[in-house]
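Participant:
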Amino acid sequence: MIAQESSPSPAVAAVVVLAAGQGTRMRSATPKVLHTLGGRSLLGHVLAAAEPLSAGTTVVVVGSGRDQVEAHLADVAPGALAVVQEQQLGSGHAAEVALAAVPDLEGSVLVVNGDSPLLTSRTLAGLVAAHDAAGSVFTVLTAEVDDPTGLGRIVRDERGAPRAIVEERDATDEQRAIREVNAGVYVANAATLRRVLAGLGTSNAQGEQYL
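All you need for the working numbering is the position in the sequence shown, starting with 1, plus 29.
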């Protein structure tokens, strides 16, 4: 892998990459995270971006096309731990499967989707640094986009504090007009994350456990 920035980055205890999705919208027999962009797989881009964070553990959750993804992982990140999500029950469930594989983990955990090839080390390091500086227990990366169609909206209260991430299929017309969206990258204290994941429900249009 190549280094993207030479400046030191804040460290995290673990990086969890969610790479189990089927990618049905891509209409391809190739697992979603193994599609290539600029000569590197989508998964490879994400792992390269997270590498400067010097995580003690990197866990990659695999599912759809697991044999192919695991083989690729052995080539690009042989030190990473592949964990199987037998049923794709949502991002929250995937993160729970990952943490179950490292039960003694303590400290900050970065969770990132495995199909985010445009993420940079600078963005991830900035998110972790902001999380640490604020003394937060859970931080989510968001973005304001011109067309938020299909993305989870960030719902804030009257003071501007984030209160919910609402997926498009569950959103009201008012919520669909929100342009701030979930970028699918999170930093959380491991103990807090375990507690939150254990309480996730499936009362949404997809019937999944959303992170």
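All C-beta atoms, glycine included, are put in the ideal place defined by N, C-alpha and C.
Bear in mind that the values here come from a model prediction, so they are computed numbers and not experimental data.
DSSP beta-bridge partners for Leu110?
Facilitator: For the purposes of this step, residue 110 is identified with residue 81 of the sequence shown, where counting begins at 1. Bridge partners of Leu110: Val88.
Participant: Taking the straight line between their C-alpha atoms, what separation do you get for Met30 and Leu76?
Facilitator: The residue labelled residue 30 in the question sits at position 1 within the sequence shown. The residue labelled residue 76 in the question sits at position 47 within the sequence shown. For Met30, the pLDDT reaches just 36, beneath the cut-off of 50, and the residue's location in the model is therefore unreliable, leaving the point undetermined.
Participant: Look up Ala79 in the DSSP assignment and say whether it is helix, strand or coil.
Facilitator: Against the sequence shown, residue 79 aligns to sequence position 50. It is helical.
Participant: Quick one: what does DSSP say Arg208 is sitting in, helix, strand or coil?
Facilitator: The count along the sequence shown starts at 1 and reaches residue 208 at position 179. In this structure, Arg208 counts as coil in the three-state DSSP scheme.
Participant: Taking one C-beta from the segment 134-153 and one from the segment 56-67 each time, how about it: are there three or more such pairs within less than 8 Å?
Facilitator: Output reads yes: the segment 56-67 touches the segment 134-153.
Participant: Checking 8 Å against the spacing of the C-beta atoms, do Leu240 and Pro146 come in under that value?
Facilitator: Within the sequence shown, numbered from 1, the residue matching residue 240 stands at position 211. Within the sequence shown, numbered from 1, the residue matching residue 146 stands at position 117. Against a cut-off of 8 Å, the Cβ pair of Pro146 and Leu240 comes out as no contact.
Participant: How long is the line joining the alpha carbons of Gly68 and Arg188, rounded to whole angstroms?
Facilitator: Against the sequence shown, residue 68 aligns to sequence position 39. Against the sequence shown, residue 188 aligns to sequence position 159. Approximately 44 Å, taken between the alpha carbons.
Participant: Count the other CB atoms within 10 Å of the CB of Gln116; is the residue buried (16 or more) or exposed (fewer)?
Facilitator: Position 87 of the sequence shown, counted from the first residue, corresponds to residue 116. Under this definition Gln116 is an exposed residue.
Participant: Out of Asp202, Ala154, Leu66 and Arg182, point me to the one whose CA is closest to Val44's CA.
Facilitator: Walking along the sequence shown from the start, residue 44 turns up at place 15. It is Ala154.
Participant: In chain order, what residues of the same chain lie with their CB nearer than 8 Å to the CB of Ala172, ignoring the 5 residues before and after it?
Facilitator: Within the sequence shown, numbered from 1, the residue matching residue 172 stands at position 143. Only Glu209, Val210 and Ala212 meet the Cβ criterion.
Participant: Going by CA-CA distance only, name the one from Gly179, Glu197 and Ile207 that's closest to Arg185.
Facilitator: Locating residue 185 in the sequence shown gives position 156, counting from the first residue. With distances taken between Cα atoms, Arg185 lies closest to Ile207.
Participant: Give every residue of the same chain whose Cβ lies closer than 8 Å to the Cβ of Ala42, excluding the five residues on either side of it in the sequence, and list them in chain order.
Facilitator: Counted from its first residue, the sequence shown places residue 42 at position 13. Result list for Ala42: Ala84, Gly85, Thr86, Leu134, Glu135, Gly136, Ser137, Val138 and Ala219, in chain order.
Participant: Using 7 Å as the cut-off, classify the Cβ of Leu180 as near or not near the heavy atoms of the ligand SAM, replying yes or no.
Facilitator: What this structure holds is no ligand at all, so the ligand SAM is not there to describe.
Participant: Whole angstroms is fine: what's the gap from Gln204's alpha carbon to Asp176's?
Facilitator: Residue numbering aside, residue 204 sits at position 175 when the sequence shown is read from its first letter. Residue numbering aside, residue 176 sits at position 147 when the sequence shown is read from its first letter. The straight-line gap from Cα to Cα measures roughly 13 Å.
Participant: Short of 8 Å in beta carbon distance, which residues of its chain neighbour Ala124, apart from the five on each side in sequence? Order them along the chain.
Facilitator: Residue numbering aside, residue 124 sits at position 95 when the sequence shown is read from its first letter. Cβ within range, chain order: Val45, Leu47, Val90, Val140, Leu222, Leu226 and Leu240.
Participant: Under 8 Å, do Ser93 and Gly50 count as touching if we go by C-beta distance?
Facilitator: Numbered from 1 along the sequence shown, position 64 holds the residue referred to as residue 93. Numbered from 1 along the sequence shown, position 21 holds the residue referred to as residue 50. Contact flag set, yes.
Participant: Please name the residue or residues paired with Glu173 in a DSSP beta bridge.
Facilitator: Position 144 of the sequence shown, counted from the start, is the residue given in the question as residue 173. DSSP output for Glu173 lists Glu209 as bridge partner(s).
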